[in-house]
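Residue numbers (full-length UniProt numbering): 1 to 145. Virtual Cβ for every residue (Gly too), placed ideally from N, Cα, C. Remarks on the structure that follows.
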């Protein structure tokens with residue numbers, strides 16, 4: 001190797017400078033982070049809607065639930081659009097949001113309603129996680145235009 005050259009990352013095209021590679025990794029991190037937040041806010045919106053429109057609900061809880069639902073739904077779409085702009089592809093963003101929403105819904109269902117999921121349900125979540133890992137592993141280090 002010649003003096004002053006830096007070896008390229010194995011997943012990157014030959015000759016990609018290190019500062020561009022670091023930028024691609026930063027974009028990937030922020031894409032995943034925003035998509036995870038979008039999934040969590042989506043499940044919060046669903047939980048607040050269930051609380052607001054459940055049977056025998058006080059009118060104050062109903063109003064608070066609708067306001068919370070509208071706010072968290074807006075935050076979900078904001079984070080999802082930011083996640084799309086940072087992600088390597090829309091497929092990665094969609095799968096990440098779906099995975100985050102499923103896990104957040106399971107957690108909120110357990111905390112708020114005492115729901116426990118079956119083994120088959122967790123098997124499906126595991127398969128979604130495997131697909132997410134495969135999708136992220138095949139992503140290019142730079143965004144295709």
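- Following the DSSP letters along the chain, one finds residue 66 inside the alpha helix (DSSP H) bounded by residues 59-86.
- By the neighbour-count criterion, in which 16 or more other beta carbons inside 10 Å mark a residue as buried, residue 97 falls on the buried side.
- Bounds of the alpha helix (DSSP H) holding residue 94 are 90-113.
- Per DSSP, reduced to three states, the secondary structure at residue 55 is coil, with no helix or strand assignment.
- One alpha carbon belongs to residue 88, the other to residue 50, and they sit about 34 angstroms apart.
- Residue 101 counts as buried, since at least 16 other C-beta atoms from the protein chains shown sit within 10 angstroms of its C-beta.
- Its chain contains 91, 92 and 95 as the residues whose beta carbon lies nearer than 7 angstroms to that of residue 135, once the 5 sequence neighbours on both sides are disregarded; these appear in chain order.
- Minimum Cα-Cα distance from residue 26 among the listed residues 122, 115 and 85 corresponds to 85.
- Between residue 99 and residue 38 a beta carbon distance of about 11 angstroms is seen, past the 8 angstroms cut, so the two are scored as non-contacting.
- CA-to-CA, the gap between residue 76 and residue 32 works out to about 14 angstroms.
- The beta carbon of residue 48 sits closer than 7 angstroms to the beta carbons of 65, 68, 69 and 72 from its chain, once the five residues preceding and following it are set aside; these are given in chain order.
- In this structure, DSSP gives residue 130 a helical state, which the three-state scheme calls helix.
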